[in-house]
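Number of protein chains: 2
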Amino acid sequence: MPRVFKGIWPVAPTPFHDDGTLDLEGMKRVLDCIIDQGADGICILANFSEQFLISDAERDLLTRLSIEHVAGRVPLIVTISHFATQIAVERARFAKDLGAAAVMMMPPYHGASLRGSPDQIFEQFQAVGAVGIPIMVQDAPMSGVDLPVPLLVKMATEIEQVKLFKIECPRAARQVARIDCPGRNGDRGPLRRRRSDHAACGS
Amino acid sequence: MPRVFKGIWPVAPTPFHDDGTLDLEGMKRVLDCIIDQGADGICILANFSEQFLISDAERDLLTRLSIEHVAGRVPLIVTISHFATQIAVERARFAKDLGAAAVMMMPPYHGASLRGSPDQIFEQFQAVGAVGIPIMVQDAPMSGVDLPVPLLVKMATEIEQVKLFKIECPRAARQVARIDCPGRNGDRGPLRRRRSDHAACGS
Chain A
6 MPRVFKGIWP
16 VAPTPFHDDG
26 TLDLEGMKRV
36 LDCIIDQGAD
46 GICILANFSE
56 QFLISDAERD
66 LLTRLSIEHV
76 AGRVPLIVTI
86 SHFATQIAVE
96 RARFAKDLGA
106 AAVMMMPPYH
116 GASLRGSPDQ
126 IFEQFQAVGA
136 VGIPIMVQDA
146 PMSGVDLPVP
156 LLVKMATEIE
166 QVKLFKIECP
176 RAARQVARID
186 CPGRNGDRGP
196 LRRRRSDHAA
206 CGS
Chain B
6 MPRVFKGIWP
16 VAPTPFHDDG
26 TLDLEGMKRV
36 LDCIIDQGAD
46 GICILANFSE
56 QFLISDAERD
66 LLTRLSIEHV
76 AGRVPLIVTI
86 SHFATQIAVE
96 RARFAKDLGA
106 AAVMMMPPYH
116 GASLRGSPDQ
126 IFEQFQAVGA
136 VGIPIMVQDA
146 PMSGVDLPVP
156 LLVKMATEIE
166 QVKLFKIECP
176 RAARQVARID
186 CPGRNGDRGP
196 LRRRRSDHAA
206 CGS
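Chains A and B, in that order, give the protein sequences. Residue numbering for the first sequence follows the numbering used here, beginning at 6 and increasing consecutively. Residue numbering for the second sequence follows the numbering used here, beginning at 6 and increasing consecutively.
Right, dumping it as structure tokens:
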């Protein structure tokens, strides 16, 4: 399991057959293709992977198949977002037990009107952090949740496993700078100083 | 299985233990309580039931337990909404095979930004309609989907199994009147004329 996350980690698309069922052989080819292209790691079950189209059983199947097929050639990040903390925790345990390098999570959201409060967001990430696998915080417009910089900094400071950020909000570069990734002058902010082997930001 | 849906059909809340697991004995008591109070039917797994907090396996478990425990004392509506049509269809088949009286569905939605177009909404309801169980169309603000009256009328007219509406949008009474439930003067609109044994509206 890598201690440093760096380089290029593409999100793998999920291939489907025309009838909507999973194309599992196609999934293996997608993973092989990404590895052949020299990626440093792969993220599965993200929004680009159309995670919103699959059942829980299909999610488990894809997680297991991907980790087993990649077989350590590159590390994997498994996306586990769910509105229910208990389900996110179970997904994190499953990914960890199979050997995932990290999990990625959006803050809790459902539909047009259900969003976690800042305290509830913190608590969900804290509960998943207790599983003991690095977490990438996904700040994605699809969640409809505003993640202000102070909340992101608080999570990175107080939850040991919050080590990575995927910033997809508008003006992402500015947001990344504000959560204290290395600036142009090479300074290290508090997150980098706390654990320089872990922290990373990307978009 | 009733041909006429009328009277009072409460949505059953889902009881949870403090650790977030399902309280299955509590679920039985909730159903018994609703029946004891004289309800004409019960709807499970709706938003008031906190369907957004449960896994697919818990959903299946609650569907089976509820139908078996109620054992025909009153008819049940099982909510089956999912962004993926294939999953909504599978849930409809599962509910029908167990003996549900009807299924309830919101139009496809996910998070803040994914919504079915009017054509995609129609196609999802059409695919579920092919399963052969009555459908209640749920017009709920949580979906974030606008369901204009012409689309609702088109679904009720062209999809045989679309027989019921649960209208939760603002000004619900006006919306119900516009989709042609019996007016104050006792006239029957096109939906009622087409199959007066089926159509019903509620909020």
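We put the CB at the ideal spot given by N, CA and C, even for glycine.
Exposure of residue i, with buried meaning 16 or more beta-carbon neighbours within 10 Å
i        : result
Val9/B   : exposed
Asp202/B : The predicted model places Asp202/B with a pLDDT of 43, which falls under 50 and marks its position as unreliable, so this point remains unresolved.
Pro113/A : buried
Phe130/B : buried
Gly188/A : Low per-residue confidence applies at Gly188/A: pLDDT is 46, beneath 50, and the placement is therefore not dependable, though the value from the model is reported in the following sentence. Exposed.
Arg78/A  : exposed
Thr19/B  : buried
Phe88/B  : buried
Gly149/B : buried
Gly25/B  : exposed
Phe53/B  : exposed
Ser122/A : exposed
Asp144/A : buried
Gln166/B : buried
Ala105/A : buried
Thr90/A  : buried
His22/A  : exposed
Thr84/B  : buried
Ala76/B  : exposed
Met6/A   : Because the pLDDT at Met6/A is just 49, under 50, the model does not fix this residue reliably, and the point stays unresolved.
Ala93/A  : buried
Pro142/A : What sits at residue 142/A in the sequence shown is Val, not Pro. The residue in question, Val142/A, is buried, as its Cβ has 16 or more Cβ neighbours within 10 Å.
Ala62/A  : exposed
Gln42/A  : exposed
Ala178/B : exposed
Arg176/B : exposed
Pro80/A  : buried
Gln125/A : exposed
Contacts of residue i in chain A (Cβ-Cβ under 7 Å)
i        : result
Gln91/B  : Gly25
Leu115/B : For the record, residue 115/B in the displayed sequence is His; it is not Leu. Neighbours of His115/B on chain A, chain order: Phe57.
Ala62/B  : Asp61
Boundaries (first-last residue) of the alpha helix (DSSP H) holding residue i
i        : result
Gly181/A : Gly is not the amino acid found at residue 181/A; the sequence shown has Val there. Per DSSP, Val181/A belongs to the alpha helix (DSSP H) from Ala177 to Arg183.
Cys38/A  : Leu29 to Asp41
His74/B  : Asp61 to Val75
Val9/A   : Taken as a continuous stretch (DSSP letters only), Val9/A belongs to no alpha helix (DSSP H), as it is neither H nor E.
Leu152/A : Where Leu152/A is concerned, there is no enclosing alpha helix (DSSP H), given that its DSSP letter is neither H nor E.
Chain B residues whose Cβ lies nearer than 8 Å to that of residue i
i        : result
Leu119/A : Phe57 and Met147
Beta-bridge pairing of residue i - partner residues as DSSP gives them
i        : result
Arg120/B : Tyr114/B
Phe21/A  : Leu27/A
Gln143/B : Lys171/B
Ala107/B : Ile82/B
Val16/B  : Cys48/B
Cross-chain neighbours of residue i in chain B, by beta carbon under 9 Å
i        : result
Ala135/A : Residues of chain B passing the Cβ test: none, with the nearest at roughly 14 Å.
Enclosing beta strand (DSSP E) for residue i [first to last residue]
i       : result
Ile49/B : Ile47 to Ile49
Per-residue contacts from residue i into chain A (C-beta, under 8 Å)
i       : result
Phe88/B : Phe57 and Leu58
Within-7 Å CB hit, residue i to chain D
i       : result
His22/A : Absent from the structure: chain D. Protein chains present are A and B.
- Item | Touching by the beta-carbon criterion (3+ pairs, under 8 Å), the region 37-45 of chain B and the region 63-72 of chain B | Short answer: they don't touch.
- Message: Whether or not the region 134-149 of chain A and the region 120-135 of chain B are in contact is what I'm after, with contact meaning three or more pairs of Cβ atoms, one per stretch, closer than 8 Å; do they touch?
- Response: Under the Cβ criterion (8 Å, minimum of three pairs), the region 120-135 of chain B does not count as touching the region 134-149 of chain A.
- Message: Whether or not the region 153-163 of chain A and the region 96-111 of chain A are in contact is what I'm after, with contact meaning three or more pairs of Cβ atoms, one per stretch, closer than 8 Å; do they touch?
- Response: The region 96-111 of chain A vs the region 153-163 of chain A: no contact.
- Task: Take every Cβ of the region 38-58 of chain A, pair it with every Cβ of the region 12-29 of chain A, and state whether three or more of those distances are shorter than 8 Å.
- Result: Between the region 38-58 of chain A and the region 12-29 of chain A there are three or more C-beta pairs closer than 8 Å, enough to call the two in contact.
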